[in-house]
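Residues 577 to 902 in the numbering used here are what the sequence shown spells out, letter by letter.
Encoded as structure tokens, the structure appears first; notes follow it.
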Amino acid sequence: MLLFLFADIEGGAVRVQGARGLPPSDNYKVCATYLDGYRATAVCPVGGSRSVEKGRRTAESILKRMRRMFEQIGLDDFKTVNVQILGSEDTYGEQAVKRTDSPREAVIWLAVHHMQKKALELFSREIAPAGTGMAPGLTGIVGGRPKVSPVLKPFFFLHPKQNVTIDIFLNGKHAETFKEDFNYPHLPALEENIEQKEDDLKDLPNGPCSYRLEELAYTRSGDKGNSVNIGVIARHPLYYPYLRKAVTAQAVEEYFKHLIQKDSDRRMVTRFNLPGIQGLNFVLKDSLGGGGIASLRSDPQGKAYGQMLLDLRLNRLPDLKTLIEE
């Protein structure tokens, strides 16, 4: 696709040539939301030696106490619980740095999901004493008692356009009825995970060098529903073919496997090549624990995924730093 900018035209103009695409489908894409219970999150700083251990034990004790109370008053157990100790690299899974010394500052992230609001109101009240009478070094609860809020989950589906009537009103009066034009050729849908040919990478030389991805590329990430997009852009054009060869969809899926909810043998990561900007785009499906307000994680929008990927180790590469100096 080519873009031409015409600055001499009043207001500016852009001509687009060579764009490729498909005609619209016979269906509208519909996004609906539904109530799926309630959630609450407690965030508690912990200081002093063994702060990670103290934080984890505190969270477990609170949950144990709440479950005992639920049983006594006839309430169901939590639907979902997420306990993270920020500072211990819980979100890194197997990629976490193995430390011989424990950090002396940590933060408890305790998020819970229950179908009944009453249960979480009880949780909110009972967690308050943790700030004064539980683990030594627990300094308080950020923002006070956890607030109970509804969990609104999205539901996506396709609806036939021919079954929908669209009436347009202007100033309270019916102006027209929109009718979809179905006079376009029917084309089959594209298959998922289409293998992209990498024949030009077969002759790339190997070498004895090893790099962190951060040395060769920039990254940025964000959410799309319950999926994450990670953009990777080479720091130098000569790095790009080596990134294409080393940073595969399989490598990224293995790196983030502890955060991906995989329930079948299908691939959960798809890679798209962007040669115009020497970039790669990765889509990680079902990797946010529900995404948005439905997620109990500390990073529900996947903003840190790109930064986490910078620690991916790329091996058996030539001396790329010398390559760009030649």
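Think of the CB as a built atom: it goes at the ideal place given N, C-alpha and C, for glycine as much as any other residue.
- Sequence-distant residues of the same chain with beta carbon closer than 7 Å to Leu-819, five excluded per side: By one-based count along the sequence shown, residue 819 stands at place 243. Excluding positions up to five away in sequence, the list reads Leu-792, Ala-793, Val-808, Ala-810, Leu-856.
- Message: Which residue wins for smallest C-alpha separation from Ile-717, given the options Ile-853, Arg-641, Ala-687?
- Response: Walking along the sequence shown from the start, residue 717 turns up at place 141. Ile-717 has its Cα closest to that of Ala-687, out of Ile-853, Arg-641, Ala-687.
- For Gly-613 versus Val-724, is the C-beta distance shorter than 7 Å? For the purposes of this step, residue 613 is identified with residue 37 of the sequence shown, where counting begins at 1. For the purposes of this step, residue 724 is identified with residue 148 of the sequence shown, where counting begins at 1. Contact flag unset, no.
- Query: Where does the unbroken alpha helix (DSSP H) through Pro-730 begin, and where does it stop?
  - Reply: One-based indexing of the sequence shown puts residue 730 at position 154. Unbroken run through Pro-730 is the beta strand (DSSP E), 725-736; no alpha helix (DSSP H).
- Does the distance from the C-beta atom of Tyr-815 to that of Leu-888 stay below 7 Å? Locating residue 815 in the sequence shown gives position 239, where the first residue counts as 1. Locating residue 888 in the sequence shown gives position 312, where the first residue counts as 1. Result no, Cβ atoms of Tyr-815 and Leu-888 do not sit closer than 7 Å.
- Query: Going straight from the alpha carbon of Ser-840 to that of Asp-862, what length do you get?
  - Reply: Here residue 840 refers to the residue found at position 264 of the sequence shown. Here residue 862 refers to the residue found at position 286 of the sequence shown. Their Cα atoms are separated by approximately 12 Å.
- Item | Residues near Ile-770 in its chain [Cβ-Cβ closer than 8 Å; skip 5 each side] | What you label residue 770 is simply residue 194 of the sequence shown in a count that begins at 1. For Ile-770, the pLDDT reaches just 49, beneath the cut-off of 50, and the residue's location in the model is therefore unreliable, leaving the point undetermined.
- Among Ala-695, Thr-656, Arg-626, the one whose alpha carbon lies nearest that of Gly-663: The residue given as residue 663 occupies position 87 in the sequence shown. The shortest Cα separation from Gly-663 among Ala-695, Thr-656, Arg-626 belongs to Arg-626.
- Message: Taking DSSP's pairing of strands, which residues face His-690 in a bridge?
- Response: For the purposes of this step, residue 690 is taken as residue 114 along the sequence shown, with counting starting at 1. His-690 pairs with Tyr-614.
- Is the stretch 728-737 touching the stretch 644-655 in the sense that three or more CB pairs, one from each, lie closer than 8 Å? no
- For Leu-890 versus Ala-822, is the C-beta distance shorter than 7 Å? Residue mapping note: residue 890 aligns to position 314 of the sequence shown, counting from 1. Residue mapping note: residue 822 aligns to position 246 of the sequence shown, counting from 1. Their beta carbons are under 7 Å apart, which means Leu-890 touches Ala-822 by this criterion.
- Task: Quick one: residues in its chain with C-beta nearer than 6 Å to the C-beta of Thr-609, no 5 flanking neighbours on either side, listed in chain order?
- Result: Stepping through the sequence shown from its first residue, residue 609 is reached at position 33. Cβ within range, chain order: Leu-728, Pro-730.
- Message: Which complete alpha helix (DSSP H) runs does the stretch 799-846 hold, if anything under 4 residues is left out?
- Response: 816-822, 825-831
- In angstroms with no decimal places, state the Cα-to-Cα distance between Gln-826 and Leu-899. Your numbering for residue 826 matches position 250 in the sequence shown. Your numbering for residue 899 matches position 323 in the sequence shown. Gln-826 and Leu-899: Cα-Cα distance of roughly 27 Å.
- Identify, in the order they occur along the chain, each residue of the same chain with its Cβ nearer than 6 Å to the Cβ of Val-659, setting aside the five sequence neighbours on each side. Residue 659 sits at position 83 when you count from the first residue of the sequence shown. Only Ala-635, Leu-686 meet the Cβ criterion.
- Message: In the DSSP assignment, the alpha helix (DSSP H) including Tyr-881 goes from what residue to what residue?
- Response: Taking the first residue of the sequence shown as position 1, residue 881 is located at position 305. Note, Tyr-881: alpha helix (DSSP H), 881-885.
- Message: Using 7 Å as the threshold, is the C-beta distance between Leu-746 and Val-622 below it?
- Response: Taking the first residue of the sequence shown as 1, we reach residue 746 at position 170. Taking the first residue of the sequence shown as 1, we reach residue 622 at position 46. In this structure, Val-622 does not lie closer than 7 Å to Leu-746 by Cβ.
- Item | Cα-Cα separation between Lys-655 and Lys-833, rounded to whole angstroms | Here residue 655 is taken as the residue at index 79 of the sequence shown, counted from 1. Here residue 833 is taken as the residue at index 257 of the sequence shown, counted from 1. Looking at the two C-alpha atoms, the distance is approximately 23 Å.
- Kindly identify the DSSP beta-bridge partner or partners of Asn-759. Counting from one through the sequence shown, the residue named residue 759 turns up at place 183. The partner list for Asn-759 (beta bridge, DSSP) is empty, contrary to what the question assumes.
- Item | Limits of the beta strand (DSSP E) - the one that Glu-791 falls within | The sequence position of residue 791 within the sequence shown is 215, counting from 1. Where Glu-791 is concerned, there is no enclosing beta strand (DSSP E), although the alpha helix (DSSP H) it sits in stretches over 789-792.
- Item | Boundaries (first-last residue) of the beta strand (DSSP E) holding Thr-898 | Translated into the one-based positions of the sequence shown, residue 898 becomes position 322. Careful: Thr-898 lies outside any beta strand (DSSP E), inside the alpha helix (DSSP H) at 896-901.
- Measure from the alpha carbon of Asn-739 to the alpha carbon of each residue in Asp-602, Met-884, Gly-798, Gly-587, then state which is nearest. The residue you call residue 739 lines up with position 163 of the sequence shown. Ranking the options by Cα distance to Asn-739, first place goes to Asp-602.
- Task: Kindly indicate which residue of Glu-681, Lys-694, Gly-669 has the alpha-carbon position closest to the one of Gly-650.
- Result: Locating residue 650 in the sequence shown gives position 74, where the first residue counts as 1. Among Glu-681, Lys-694, Gly-669, the Cα nearest to that of Gly-650 belongs to Lys-694.
- Task: Following the continuous beta strand (DSSP E) through Ala-751, name the residue where it begins and the one where it ends.
- Result: Counted from its first residue, the sequence shown places residue 751 at position 175. Where Ala-751 is concerned, the enclosing beta strand (DSSP E) stretches over 749-754.
- Item | Three-state secondary structure assigned by DSSP to Leu-602 | By 1-based counting over the sequence shown, the position of residue 602 is 26. Checking the sequence, you will find Asp at residue 602 rather than Leu. Three-state DSSP puts Asp-602 in coil, outside helix and strand.
- Does DSSP classify Ile-585 as helix, strand or coil? Stepping through the sequence shown from its first residue, residue 585 is reached at position 9. It is coil, neither helix nor strand.
- Message: Using the three-state DSSP reduction, which class does Val-740 fall into: helix, strand or coil?
- Response: Your numbering for residue 740 matches position 164 in the sequence shown. Looking at Val-740 - three-state DSSP - the assignment turns out to be coil, as it is neither helix nor strand.
- Consult DSSP for Gly-866 and reduce its assignment to one of helix, strand or coil. As a working mapping, residue 866 is identified with position 290 in the sequence shown. In this structure, Gly-866 counts as coil in the three-state DSSP scheme.
- Query: By how many angstroms is the C-alpha of Ala-589 removed from the C-alpha of Gly-801?
  - Reply: Taking the sequence shown and counting its residues from 1, one reaches residue 801 at position 225. Taking the sequence shown and counting its residues from 1, one reaches residue 589 at position 13. Near 33 Å, if we compare the C-alpha coordinates of Ala-589 and Gly-801.
- 6 Å CB neighbourhood of Met-884 in its chain, flanking five on each side removed: For the purposes of this step, residue 884 is taken as residue 308 along the sequence shown, with counting starting at 1. Contacts found: none.
- Message: If I follow the unbroken beta strand (DSSP E) through Arg-643, where does it start and stop?
- Response: If you number the sequence shown from 1, residue 643 lands on position 67. Premise fails: Arg-643 lies in the alpha helix (DSSP H), 627-649, not in any beta strand (DSSP E).
- As assigned by DSSP and simplified to three states, the class of Leu-890: For the purposes of this step, residue 890 is taken as residue 314 along the sequence shown, with counting starting at 1. Note: Leu-890 maps to strand in three-state DSSP.
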